[in-house]
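Structure record follows, encoded as structure tokens.
Number of protein chains: 2
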Amino acid sequence: MTDVALDPDRSVGTLYRKVAADLREAITSGSYGEAGRLPAEGALAERYGVSRGTVRQALAVLRADGLVTSRRGTRRVVLGNARVQSFSELLSFTHWARSMGEEPGGRLESLLRRPADAAEREQLRLEPGAEVYVTLRLRTLSGTPVMVERTVYPSWVGELVAQLPADVVSHTEPLREHGILFTDADHTIDVVAANADDARLLGCRRGSPLLRERRRTTDPTGIPVEWSQDRYLPGTVAFSIHNSLASSALSRHAREGD
Amino acid sequence: MTDVALDPDRSVGTLYRKVAADLREAITSGSYGEAGRLPAEGALAERYGVSRGTVRQALAVLRADGLVTSRRGTRRVVLGNARVQSFSELLSFTHWARSMGEEPGGRLESLLRRPADAAEREQLRLEPGAEVYVTLRLRTLSGTPVMVERTVYPSWVGELVAQLPADVVSHTEPLREHGILFTDADHTIDVVAANADDARLLGCRRGSPLLRERRRTTDPTGIPVEWSQDRYLPGTVAFSIHNSLASSALSRHAREGD
DNA sequence: TAGTGGTCTAGACCACCGT
DNA sequence: CGGTGGTCTAGACCACTAG
Numbered sequence: 001m002t003d004v005a006l007d008p009d010r011s012v013g014t015l016y017r018k019v020a021a022d023l024r025e026a027i028t029s030g031s032y033g034e035a036g037r038l039p040a041e042g043a044l045a046e047r048y049g050v051s052r053g054t055v056r057q058a059l060a061v062l063r064a065d066g067l068v069t070s071r072r073g074t075r076r077v078v079l080g081n082a083r084v085q086s087f088s089e090l091l092s093f094t095h096w097a098r099s100m101g102e103e104p105g106g107r108l109e110s111l112l113r114r115p116a117d118a119a120e121r122e123q124l125r126l127e128p129g130a131e132v133y134v135t136l137r138l139r140t141l142s143g144t145p146v147m148v149e150r151t152v153y154p155s156w157v158g159e160l161v162a163q164l165p166a167d168v169v170s171h172t173e174p175l176r177e178h179g180i181l182f183t184d185a186d187h188t189i190d191v192v193a194a195n196a197d198d199a200r201l202l203g204c205r206r207g208s209p210l211l212r213e214r215r216r217t218t219d220p221t222g223i224p225v226e227w228s229q230d231r232y233l234p235g236t237v238a239f240s241i242h243n244s245l246a247s248s249a250l251s252r253h254a255r256e257g258d
Numbered sequence: 001m002t003d004v005a006l007d008p009d010r011s012v013g014t015l016y017r018k019v020a021a022d023l024r025e026a027i028t029s030g031s032y033g034e035a036g037r038l039p040a041e042g043a044l045a046e047r048y049g050v051s052r053g054t055v056r057q058a059l060a061v062l063r064a065d066g067l068v069t070s071r072r073g074t075r076r077v078v079l080g081n082a083r084v085q086s087f088s089e090l091l092s093f094t095h096w097a098r099s100m101g102e103e104p105g106g107r108l109e110s111l112l113r114r115p116a117d118a119a120e121r122e123q124l125r126l127e128p129g130a131e132v133y134v135t136l137r138l139r140t141l142s143g144t145p146v147m148v149e150r151t152v153y154p155s156w157v158g159e160l161v162a163q164l165p166a167d168v169v170s171h172t173e174p175l176r177e178h179g180i181l182f183t184d185a186d187h188t189i190d191v192v193a194a195n196a197d198d199a200r201l202l203g204c205r206r207g208s209p210l211l212r213e214r215r216r217t218t219d220p221t222g223i224p225v226e227w228s229q230d231r232y233l234p235g236t237v238a239f240s241i242h243n244s245l246a247s248s249a250l251s252r253h254a255r256e257g258d
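If you read the protein sequences in the order shown, they are chains A and B.
Heads up, the first sequence is in full-length UniProt numbering, so the first residue is 1 and it goes up one at a time.
Heads up, the second sequence is in full-length UniProt numbering, so the first residue is 1 and it goes up one at a time.
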């Protein structure tokens, strides 16, 4: 068999993404079974009319999403067939909400401009005396409050944010149109007690536990574009991670000591 | 300049890992500055005496760890120079603790064997009537209680766990020597209230918030080997994740009814 | 032993960035 | 425009798995 027709509209333009999308659909539709085996790389290369390298690139995508394993000597095994699509969801509350079929909402509670404190200068790599914009927003899903978002922007970003309507749903989308890209992020997740503002906005008691996500986002050049702290009502959200030893074991594997 | 000497003991045997390790050291030691630029792929290939493909493989490693960005048309930018080892930590409390310079400890509180309930059969893909081993362990860092771990093992794994000493620090290490590998894991992180056992073991009040990590781990063939639920005292740990638009391992999803 | 994925090479063309 | 990273090809050898 040669050259399966690849939907030209599928995903973005590159070949390996098209192959990955096609394989993903085959897997999630159950074509290979729940714990079944994928065809060999060479067979897939022939089927799609591409080189083995391109097939491997496509399979790397599926593996990063936790769809398949890979081991030397054996065909790849299907891990699951109902995984969430990952990626940009995490970088944007709006995208995440919509992908779940929920209607995201946002209301700006306050916005102010002031000099950055030491921690903010550290996180955003600002010079002493630099100013930042600080926003406080209540985020909703289908009208229900779920999260309080405190974001600190460097002034060159904040100036644009300040011009957005108070009820704009997405911040990242209009910023992207101004050439400001959110591409890399560091996240820290822990628990924190609700303060007075949290309690008022979310309708919970002071001191009740909230799931906190702190996030520093940079653009492709490594320049920080936001430092945000989101506090979620328990039960409204959970963070999900997939990881694989094989793919990232490249770190140190010393036998002991460290 | 040609062929920089690569430490033959560095990391594991493959070329790209050696290159990655060498570059990581150069970056973390500040050779390229905080937001500096890396040499071009071609230059690195020449320097190390390898092909450009191998250099790209090495750089993919550093990028997955959040050390560098990459953009078409521009040299790679150094993002940070002091990042913690991220991914594999999630697979093992012991490794994570040691990587932080803390001394991990564990005490087995209870171990029992019983028929799996519906949820456990679902998670571990067991047949009706199958039995599981359930453990309850208190985990400590340098002697201080930080986490309660409830793990469900399929019987073929549990039989081995049951033979381990009650105070063994790591479970995954002795299991690996029996050929049981923990390679892929799905994690879900949220908040939960402490129950009576949690409160007693961790020394907190009933109902006080705990950070919960649920984890299902599989071996390379996709067979589930454990289903675990860890409850951390607030302030003792935070989960840290790095992701970029191009390749991500983290996603967020609505909380389902357990 | 045959088949598989992991690694590596040496080229090629293109899209994009900055000058 | 030249330099860069992103993609893709066509081969090669090896380490490992399984029958």
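We treat Cβ as the ideally placed atom computed from N, Cα and C, and that holds for glycine.
Check	Outcome
Do the CB positions of B:A185 and A:I189 come within less than 8 Å of each other?	no
Confirm, please, whether the CB-CB distance from A:L15 to A:V68 is below 8 Å.	no
State whether the segment 163-174 of chain B contacts the segment 221-229 of chain A, with contact taken as three or more CB pairs (one from each stretch) at a distance under 8 Å.	no
Starting from the Cα of A:G42, find the closest Cα among A:S142, A:T218, A:G235, A:A58 and give me that residue.	A:A58
I'd like to know whether the C-beta of A:G30 is nearer than 8 Å to at least one C-beta of chain B.	no
By Cβ distance below 8 Å, which residues in the same chain neighbour B:T172 in space, the five residues on each side in sequence not counted?	L91, S92, T94, F182
Counting only Cβ pairs nearer than 7 Å, list the residues of chain B close to A:L211.	D190, V191
Determine whether the beta carbon atoms of B:D198 and B:L210 lie at a separation below 8 Å.	yes
Between the C-alpha atoms of A:R137 and A:G203, what's the straight-line distance to the nearest angstrom?	14 Å
Who are the Cβ neighbours of B:Y133 in its own chain at under 7 Å, not counting the five residues just before and after it?	L111, R113, Y153, S155, G158, V161, A162
Determine whether the Cβ of B:V84 lies closer than 8 Å to any Cβ atom of chain A.	Residue placement at B:V84 cannot be trusted, given a pLDDT of 48 that sits under 50; the coordinates are not used to answer.
With DSSP collapsed to three states, give me the class of A:L60.	Checking the displayed sequence, the identity of residue 60 of chain A turns out to be Ala instead of Leu. Looking at A:A60 - three-state DSSP - the assignment turns out to be helix.
Going straight from the alpha carbon of B:M147 to that of B:P234, what length do you get?	10 Å
Hey, would you say A:R17 sits closer than 8 Å to A:R75, going by beta carbons?	no
Got a sec? Which residues, its chain only, sit under 6 Å from A:V19 by beta carbon, not counting five neighbours each side?	Y48, A58
Who are the near neighbours of B:S88 in its chain, counting only those whose CB is closer than 6 Å to its CB and skipping five residues on each side?	Bear in mind that the predicted position of B:S88 carries a pLDDT of just 48, short of 50, making it unreliable; the figure below should be weighed with that in mind. There are no such residues.
Should A:G33 be labelled buried (16 or more other beta-carbon atoms within 10 Å of its own) or exposed?	exposed
Taking CB distances under 8 Å as the criterion, tell me whether A:R24 reaches chain B.	no
Taking the alpha-carbon of B:R176 as reference, which of B:A194, B:S142, B:P220 has the nearest alpha-carbon?	B:P220
Cα separation between B:V55 and B:E46?	10 Å
Going by DSSP, name the residue or residues bridged to A:V152.	A:V134, A:W227
To the nearest angstrom, report how far apart A:R150 and A:N195 are at their CA atoms.	13 Å
For A:A64, count neighbouring Cβ atoms within 10 angstroms of its own Cβ and tell me buried if that reaches 16, exposed if not.	buried
Could you work out which residues of chain B lie near A:R121, taking near to mean beta carbons separated by less than 9 Å?	Going along chain B, no residue has its Cβ under 9 Å from A:R121, so there is no contact; the nearest lies around 14 Å.
Any idea which residues DSSP pairs B:E41 with across the strands?	Bridge partners of B:E41: none, in fact.
Roughly how far, in whole angstroms, is the beta-carbon of A:R231 from the beta-carbon of A:V192, given that I think they are within contact range, below 8 Å?	7 Å
Closest to A:E103 by CA distance: which of A:G13, A:G143, A:D117 is it?	A:G143
Closer than 8 Å by beta-carbon distance: list the chain A residues that pair up with B:T144, in chain order.	Here the premise fails: no neighbours, minimum Cβ distance about 17 Å.
Is DSSP giving B:Q85 helix, strand or coil here?	In this prediction, B:Q85 scores a pLDDT of 47, lower than 50, which makes its location untrustworthy; no coordinate-derived value is stated.
Examine chain B for any beta-carbon lying closer than 8 Å to the beta-carbon of A:T221, and answer yes or no.	yes
Give the straight-line distance between the Cα atoms of A:H178 and B:S244, rounded to the nearest whole angstrom.	20 Å
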